[in-house]
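J.:
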Amino acid sequence: MAKTILITGATDGIGLETARMLVAQGHSVLLHGRNPAKLARVEEELSALPGAGTLEGYVADLSDLAEVAALAEAVAKKHASLDVLINNAGVFKAADPVTAGGLDLRFVVNTLAPYLLTERLLPLLGKTGRVINLSSAAQAPIDLEALTGRIRLGDMPAYAQSKLAITMWSRHMAEALPDGPVIVAVNPGSLLASKMVTEGFGVAGNDIRIGANILLRATLSDDFAAASGRYFDNDAGDFAAPHPDALDAGKTEAVVRTIKSLLTKVAPTQTDQDPPQ
Ligand SMILES: NC(=O)c1ccc[n+]([C@@H]2O[C@H](COP(=O)([O-])OP(=O)(O)OC[C@H]3O[C@@H](n4cnc5c(N)ncnc54)[C@H](OP(=O)(O)O)[C@@H]3O)[C@@H](O)[C@H]2O)c1
10 MAKTILITGA TDGIGLETAR MLVAQGHSVL LHGRNPAKLA RVEEELSALP GAGTLEGYVA
70 DLSDLAEVAA LAEAVAKKHA SLDVLINNAG VFKAADPVTA GGLDLRFVVN TLAPYLLTER
130 LLPLLGKTGR VINLSSAAQA PIDLEALTGR IRLGDMPAYA QSKLAITMWS RHMAEALPDG
190 PVIVAVNPGS LLASKMVTEG FGVAGNDIRI GANILLRATL SDDFAAASGR YFDNDAGDFA
250 APHPDALDAG KTEAVVRTIK SLLTKVAPTQ TDQDPPQ
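Below, the structure written as structure tokens:
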């Protein structure tokens, strides 16, 4: 049966390849991008695929949390339910890695934006939906002073900390929602041939379909149906123990508390403002 799937960062790399595969299988795909012209080109290309399912495009710069909230609201306006959210958009290097709000861009795009988007879309995902969060083999213990923007990090520490943070909140949110949706963190495989890897590491990289195939499996396959809270390491080709910090309840609580406090400044959605019935 065709599913309705939102993919963030569907304009390039692993997200684009995953969208291409899902669209070709006839699924209804909600493509997110930050660049309207690039998103329009992707929509045009994918809609021409034989057997293409329905396509919709959504523009939002995920480094601006108000735009993340607006993205959730735009999706909720058009859809009563969503089968899968793939939080794929991510950033490693940037010319200016500090956002207007004074936070590190990697923490905002790779950690906070997917948290906020997931939280706002939970009513659409219900108990049977799935949330697939892009983690990485690069993970490092989180310095809360860096997460809150009080100290600055280099590209690799910021990226690796943002990826452990998404792995930690994935597990934490999954534990808080034992009836679903399924929430998993996935390392798609290392050094896959995307612009992040060619620009960031100066190497050609491995076949991007390694990453897209595992996201397809996480989206559709039964072996992820009971995987909520788990970490899939595609370098190992299997579910694996997460970084030890993700198993540490105290450290996880501290990270999630900090994420929540950073997100309190974001405008509530219309639904949040509605008086209880
Ligand atoms: N490639 C790897 O080997 C590898 C390994 C481990 C994990 N990952 C993770 O896999 C995910 C996809 O990465 P990739 O390698 O495919 O990288 P990529 O080719 O650079 O694609 C990243 C996607 O995220 C979007 N994006 C970046 N910043 C954004 C922002 N501020 N607002 C909205 N969208 C934004 C990009 O939009 P534009 O098209 O406009 O640039 C693009 O669509 C990331 O989360 C990455 O950390 C990748």
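Numbering-wise (our numbering), the sequence shown opens with residue 10 and increments by one. Built from N, CA and C at the ideal position, the CB exists for glycine as well.
I need the straight-line Cα distance from T137 to L186, nearest angstrom please.
T.: Stepping through the sequence shown from its first residue, residue 137 is reached at position 128. Stepping through the sequence shown from its first residue, residue 186 is reached at position 177. The straight-line gap from Cα to Cα measures roughly 11 Å.
J.: By the three-class DSSP mapping on this structure, what secondary structure does F241 have?
T.: Start at 1 with the first residue of the sequence shown, and residue 241 comes out as number 232. The answer is strand: DSSP assigns F241 an E or B state.
J.: Which word fits G246, buried or exposed, when buried means at least 16 other C-beta atoms lie within 10 angstroms of its C-beta?
T.: Locating residue 246 in the sequence shown gives position 237, counting from the first residue. Exposed, by the Cβ-count rule.
J.: With hydrogens ignored, establish whether the beta-carbon of A46 is closer than 7 Å to any heavy atom of ligand 1.
T.: Taking the sequence shown and counting its residues from 1, one reaches residue 46 at position 37. A46 Cβ: outside cutoff for every heavy atom of ligand 1.
J.: Should S237 and I175 be called a contact, given that it needs their Cβ atoms to be closer than 8 Å?
T.: For the purposes of this step, residue 237 is identified with residue 228 of the sequence shown, where counting begins at 1. For the purposes of this step, residue 175 is identified with residue 166 of the sequence shown, where counting begins at 1. A distance of 8 Å or more separates the beta carbons of S237 and I175.
J.: Report all residues from its chain with a CB closer than 8 Å to the CB of L133; omit the five preceding and five following residues, and keep chain order.
T.: Residue numbering aside, residue 133 sits at position 124 when the sequence shown is read from its first letter. V84, A85, H88, A89, S90 and L91, listed in sequence order.
J.: Could you give the distance in angstroms between the alpha-carbon of A104 and the alpha-carbon of V275?
T.: Numbered from 1 along the sequence shown, position 95 holds the residue referred to as residue 104. Numbered from 1 along the sequence shown, position 266 holds the residue referred to as residue 275. A104 and V275: Cα-Cα distance of roughly 25 Å.
J.: Three or more beta-carbon pairs under 8 Å between the stretch 210-217 and the stretch 151-166, yes or no?
T.: Output reads no: the stretch 151-166 does not touch the stretch 210-217.
J.: Over the uninterrupted beta strand (DSSP E) stretch that includes F248, give me the two end residues.
T.: In the sequence shown, counting from the first residue as 1, residue 248 sits at position 239. D247 to A249 is the span of the beta strand (DSSP E), which, as asked, contains F248.
J.: Where in the stretch 153-203 do unbroken runs of the alpha helix (DSSP H), each at least 4 residues long, occur, reported from the N-terminal end onward?
T.: For the stretch 153-203, whole alpha helix (DSSP H) runs of length 4 or above, ordered along the chain, are 153-156 and 164-185.
J.: Can I192 be considered in contact with ligand 1, in the sense that its beta carbon sits closer than 7 Å to one or more heavy atoms?
T.: Residue numbering aside, residue 192 sits at position 183 when the sequence shown is read from its first letter. False, no ligand heavy atom lies under 7 Å from that Cβ.
J.: Any heavy atom of ligand 1 inside 7 Å of the beta-carbon of I141?
T.: For the purposes of this step, residue 141 is taken as residue 132 along the sequence shown, with counting starting at 1. No.
J.: Could you pull the start and end residues of the beta strand (DSSP E) that T13 belongs to?
T.: Translated into the one-based positions of the sequence shown, residue 13 becomes position 4. T13 to I16 is the span of the beta strand (DSSP E), which, as asked, contains T13.
J.: Does the beta-carbon of E52 have 16 or more other beta-carbons within 10 angstroms, so that it is buried, or is it exposed?
T.: Your numbering for residue 52 matches position 43 in the sequence shown. Looking at its Cβ environment, which holds 16 or more other Cβ atoms inside 10 Å, E52 is buried.
J.: Could you tell me the distance, in whole angstroms, from the CA atom of T63 to the CA atom of R50?
T.: As a first step, residue 63 must be located in the sequence shown, where it is residue number 54. As a first step, residue 50 must be located in the sequence shown, where it is residue number 41. Distance between the alpha carbons of T63 and R50: 16 Å.
J.: Kindly provide the ranges of any alpha helix (DSSP H) runs that are 4 or more residues long and lie completely inside the stretch 47-111, ordered along the chain.
T.: 74-87
J.: List the whole-angstrom C-beta distance separating G66 from G42, where the pair is believed to meet the contact cut-off of C-beta under 8 Å.
T.: For this step, residue 66 is matched to residue 57 along the sequence shown. For this step, residue 42 is matched to residue 33 along the sequence shown. That pair is a contact at about 7 Å.
J.: Distance, Cα to Cα, T108 vs G99?
T.: Locating residue 108 in the sequence shown gives position 99, where the first residue counts as 1. Locating residue 99 in the sequence shown gives position 90, where the first residue counts as 1. Cα to Cα, T108 sits roughly 14 Å from G99.
J.: For K102 and A234, I'd like the C-alpha separation in whole angstroms.
T.: Numbered from 1 along the sequence shown, position 93 holds the residue referred to as residue 102. Numbered from 1 along the sequence shown, position 225 holds the residue referred to as residue 234. Roughly 34 Å between the two C-alpha positions.
J.: Anyone know if the C-beta pair for G214 and L201 falls short of 8 Å?
T.: By 1-based counting over the sequence shown, the position of residue 214 is 205. By 1-based counting over the sequence shown, the position of residue 201 is 192. Going by C-beta atoms, G214 is nearer than 8 Å to L201.
J.: My assumption, with CB atoms under 8 Å, is that A221 sits in contact with M30. Please give the rounded CB distance.
T.: Counting from 1 along the sequence shown, the entry for residue 221 is found at position 212. Counting from 1 along the sequence shown, the entry for residue 30 is found at position 21. At roughly 6 Å, the Cβ-Cβ gap stays under 8 Å, so A221 and M30 are in contact.
J.: Would you check if the stretch 114-133 and the stretch 162-177 touch, i.e. whether three or more CB-CB distances between them fall below 8 Å?
T.: yes
J.: Between which two residues does the beta strand (DSSP E) harbouring L143 extend?
T.: The residue labelled residue 143 in the question sits at position 134 within the sequence shown. It spans R139 to L143 - the beta strand (DSSP E) in which L143 sits, taken as one unbroken run.
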